[in-house]
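These notes are about the structure you will find just below.
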Amino acid sequence: MSAFDVGRLRMEARHDFVDVLKKIPGPKDLFIDPELMKPLNHVAGAAFIREQGVEKMYKLEGTSPAQATNSRIYLARSEIDRCRTLAAHIKKNNDPSWKTLVAFVPRKTAACETYLEEEGLYGRIQTTEWHLDLIPIDDDLLSLELKSFYRRVFVDRDQTWLHDVAFSLTKIQQLFGPISTFYAVGEMSKKIDRMVDVMTSGMKFFDSTGKSFDTVILVDRKCDLVTPLCSQVVYQGVVDDVFRVESGFVDFSDQAITGKTGTVTLQMNATSDPIFAEIRDRHFSSVSAHLGRRVRELDSSYKRGKGASSVDDMRSFVKELGGLKQQHRALALHIGACEAIGKRKSDENFERVLATEHALVENADERRCVDYIEEMIQRQVSAVTELRLLCLYSQTVGGLKSKVVDSFRRLFLHSHGYEHMLTFYNLKRAGLLLEGSSGATKAYSALKRKLQLVPRLSDQYDLNEPTDMGYVFSGAYTPISCRVVESVLRHLGWLGLEEVTRYMPGGVSARTAREGAAAGGGGGLKTVLVFFVGGCTYSEVSALRFLGSRMKIRFVIATTNVVRAESFISANFHNRK
Numbered sequence: 240m241s242a243f244d245v246g247r248l249r250m251e252a253r254h255d256f257v258d259v260l261k262k263i264p265g266p267k268d269l270f271i272d273p274e275l276m277k278p279l280n281h282v283a284g285a286a287f288i289r290e291q292g293v294e295k296m297y298k299l300e301g302t303s304p305a306q307a308t309n310s311r312i313y314l315a316r317s318e319i320d321r322c323r324t325l326a327a328h329i330k331k332n333n334d335p336s337w338k339t340l341v342a343f344v345p346r347k348t349a350a351c352e353t354y355l356e357e358e359g360l361y362g363r364i365q366t367t368e369w370h371l372d373l374i375p376i377d378d379d380l381l382s383l384e385l386k387s388f389y390r391r392v393f394v395d396r397d398q399t400w401l402h403d404v405a406f407s408l409t410k411i412q413q414l415f416g417p418i419s420t421f422y423a424v425g426e427m428s429k430k431i432d433r434m435v436d437v438m439t440s441g442m443k444f445f446d447s448t449g450k451s452f453d454t455v456i457l458v459d460r461k462c463d464l465v466t467p468l469c470s471q472v473v474y475q476g477v478v479d480d481v482f483r484v485e486s487g488f489v490d491f492s493d494q495a496i497t498g499k500t501g502t503v504t505l506q507m508n509a510t511s512d513p514i515f516a517e518i519r520d521r522h523f524s525s526v527s528a529h530l531g532r533r534v535r536e537l538d539s540s541y542k543r544g545k546g547a548s549s550v551d552d553m554r555s556f557v558k559e560l561g562g563l564k565q566q567h568r569a570l571a572l573h574i575g576a577c578e579a580i581g582k583r584k585s586d587e588n589f590e591r592v593l594a595t596e597h598a599l600v601e602n603a604d605e606r607r608c609v610d611y612i613e614e615m616i617q618r619q620v621s622a623v624t625e626l627r628l629l630c631l632y633s634q635t636v637g638g639l640k641s642k643v644v645d646s647f648r649r650l651f652l653h654s655h656g657y658e659h660m661l662t663f664y665n666l667k668r669a670g671l672l673l674e675g676s677s678g679a680t681k682a683y684s685a686l687k688r689k690l691q692l693v694p695r696l697s698d699q700y701d702l703n704e705p706t707d708m709g710y711v712f713s714g715a716y717t718p719i720s721c722r723v724v725e726s727v728l729r730h731l732g733w734l735g736l737e738e739v740t741r742y743m744p745g746g747v748s749a750r751t752a753r754e755g756a757a758a759g760g761g762g763g764l765k766t767v768l769v770f771f772v773g774g775c776t777y778s779e780v781s782a783l784r785f786l787g788s789r790m791k792i793r794f795v796i797a798t799t800n801v802v803r804a805e806s807f808i809s810a811n812f813h814n815r816k
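Residue numbers (the working numbering): 240 to 816.
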């Protein structure tokens, strides 16, 4: 029980899901929130769901289809927008004899229940909750899949979901044993740590002499807003930026990639796709060469099989053939994806954007960077990219003067419309667009020096054989979050890191679990759980994997959700749904 096993998390989530389905016995229809479709795939497949008495499954949308039964279960996020859709569905088919259950994810809220009551549904439906906990996206990556977490917590100031993060950490300890040391970076992380302390007070853990996790490091996204604003260059990050990976799945609809019409869905998981396991953390520039070598190896395997003469050789090849075909399909998709990405990377705008990002994080050639951002806005290249570069600029110089922000705002509104006044307000409220003096005025400059975020000009980076985490951004920049994790582990605490922690918004904390809750120890490879509160990028996941290989530590990365630059900015747009 002590070894961390993602399968255990999956089975727990499946068990809880089955309990929800059993609340309405017999045949039933299942309506699923679109945002929960892919997370549900990690918990239970369609065949398993049908075994639980579900006749048909539908995506929860504006229209209500004809049902196969007179019983229905709705899985929906506990948000008012979803409640509007729910109310419309239920009212359209509101035969008194029908049974209706609404399962809110991750839990019921008073706001949602009040809304349904105001819509006249009180007493006509049952409500429950499904605590969809951490989902194993990969063998070392877990996600709560709360996509709007940063916006909701850091912009709307709604801290409801902090409880769900704390609950997930408590569940981890119930399943895999007590955790002895907690480090928290940032205001929200410190609050979550205090919640976990309260939740586990008096809790009896099993006696584990080889507990799964030695340490938990909670990291607020707000403590590092530079990293999610940068373009990603490791393979999985680039695929996410270009094709949008959702809950570990990516949809390819381009026939040039798939070789056939229709959409092909690929699960980007090291266990299900060995080819992906080899390239997920590689710098994109080295991926094509690696795939070329794998193609030649696969070709040699096929030739050996065709040349088999003995019965034993042929039997061995037949056993191997299934795996070879799977590798062939995966290679074809990854090669097609690389070709599509390569065409986009050859675009002049992409190269200039990347060069501008690198100059900004290095605090170099500021005038050229400003000129290019202004040029992009005037040319209406991409509203998201323009705002992303503007926010990155403000972060790396420690805040822009009010007259500079006003100038950029006027230019942007003239180009993209005055409805974006609210977008600028949201970006400032989110802490993405820094204006004037603030507590973080010179934070980046100081952290760049203290944490050695930018390599010296004399340093040579071999992106095929990296020696530093900075390879995830082509050697131009190392994620602040990952450097902080490295520093606290090397120092065994915050002592001696005062010049770093003073620039962490909300401060830091350290806590050792109560006596009796920290029993255990065990030998072997140390395992550290890093929990990103507000989202993490695939670049940070790759950087921590690299750090783990150097420090002889196994990192398991948990997050509220996986973010990319585009979604991070667009979540603050005026017309966000």
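Glycine included, each C-beta is placed from N, C-alpha and C at the ideal position.
Note that the coordinates shown come from a computational prediction; the quantities given were computed from them, not determined experimentally.
For residue i, the nearest candidate out of the options (CA to CA)
i      : options                        : result
Thr308 : Phe270, Pro266, Arg390         : Pro266
Leu692 : Val484, Ala782, Met660         : Ala782
Gly498 : Tyr683, His573, Glu674         : His573
Leu275 : Leu314, Asn332, Ser806, Asp255 : Leu314
Arg789 : Gly416, Ala797, His655, Met708 : Met708
Ser511 : Pro417, His281, Ile263         : His281
Ala685 : Ser585, Cys322, Tyr742, Tyr777 : Tyr742
Ala579 : Val341, Val592, Ser527, Glu605 : Ser527
Leu671 : Arg722, Pro694, Lys642, Val636 : Val636
Val259 : Glu294, Val341, Pro513         : Val341
Ser317 : His567, Gly246, Arg346, Met296 : Arg346
Ile808 : Ile288, Ser492, His659, Leu401 : His659
Gly301 : Leu360, Lys687, Glu384, His328 : His328
Leu818 : His254, Gln306, Arg253, Asp255 : With the chain covering 240 to 816 only, the question about residue 818 has no answer from this structure.
8 angstroms contact criterion, which residue i and residue j should meet: CB distance rounded
i      : j      : result
Lys386 : Asn811 : Contact flag wrong, Cβ pair sits at about 13 angstroms.
Val344 : Leu371 : 5 angstroms
Leu457 : Phe794 : Actually they are not in contact, since the Cβ atoms of Leu457 and Phe794 sit about 14 angstroms apart, beyond 8 angstroms.
Thr466 : Glu779 : 6 angstroms
Ser419 : Asp453 : 6 angstroms
Gly774 : Tyr389 : 6 angstroms
Ala804 : Leu468 : 6 angstroms
Three-state secondary structure (DSSP) of residue i
i      : result
Ser677 : Any reading at Ser677 needs caution, since the residue's pLDDT is 49, under 50, leaving its predicted position unreliable; the model's value is listed next. Coil at Ser677, not helix or strand.
Leu419 : One detail in the question is off: residue 419 reads as Ser in this sequence, not Leu. Three-state DSSP puts Ser419 in coil, outside helix and strand.
Glu358 : coil
Pro278 : helix
Phe807 : helix
Met250 : helix
Cys775 : strand
Leu671 : coil
Tyr742 : coil
Arg750 : strand
His522 : strand
Lys267 : strand
Leu560 : Confidence at Leu560 is low in this model, with a pLDDT of 49, below 50, so its placement is unreliable and no value can be given for it.
Alpha-carbon spacing of residue i relative to residue j, whole angstroms
i      : j      : result
Leu325 : Gln506 : 30 angstroms
Ala752 : Val437 : 11 angstroms
Lys298 : Ser382 : 22 angstroms
Arg532 : Gly581 : 18 angstroms
Leu666 : His597 : 22 angstroms
His653 : Thr353 : 42 angstroms
Gly745 : Arg729 : 22 angstroms
Val534 : Leu570 : 7 angstroms
Phe515 : Arg668 : 38 angstroms
Arg784 : Ala594 : 26 angstroms
Asp538 : Gln565 : 14 angstroms
Leu248 : Lys410 : 9 angstroms
Gln398 : Ile431 : 10 angstroms
Gly246 : Asp378 : 9 angstroms
Ala350 : Leu786 : 43 angstroms
Asp520 : Gln617 : 36 angstroms
Residue i, buried or exposed, once every other Cβ within 10 Å from all chains shown has been counted against 16
i      : result
Phe523 : buried
Glu675 : A small correction: the amino acid at residue 675 is Gly; Glu does not occupy that position in the sequence shown. It is exposed - the Cβ of Gly675 has fewer than 16 other Cβ atoms within 10 Å.
Asn508 : buried
Gln471 : buried
Glu272 : Reading off the sequence shown, one finds Asp at residue 272, where the question assumed Glu. Buried, by the Cβ-count rule.
Ala423 : buried
Ala290 : Rather than Ala, the amino acid found at residue 290 in this sequence is Glu. Exposed.
Pro375 : buried
Tyr657 : exposed
Leu734 : exposed
Gln634 : buried
Asp480 : buried
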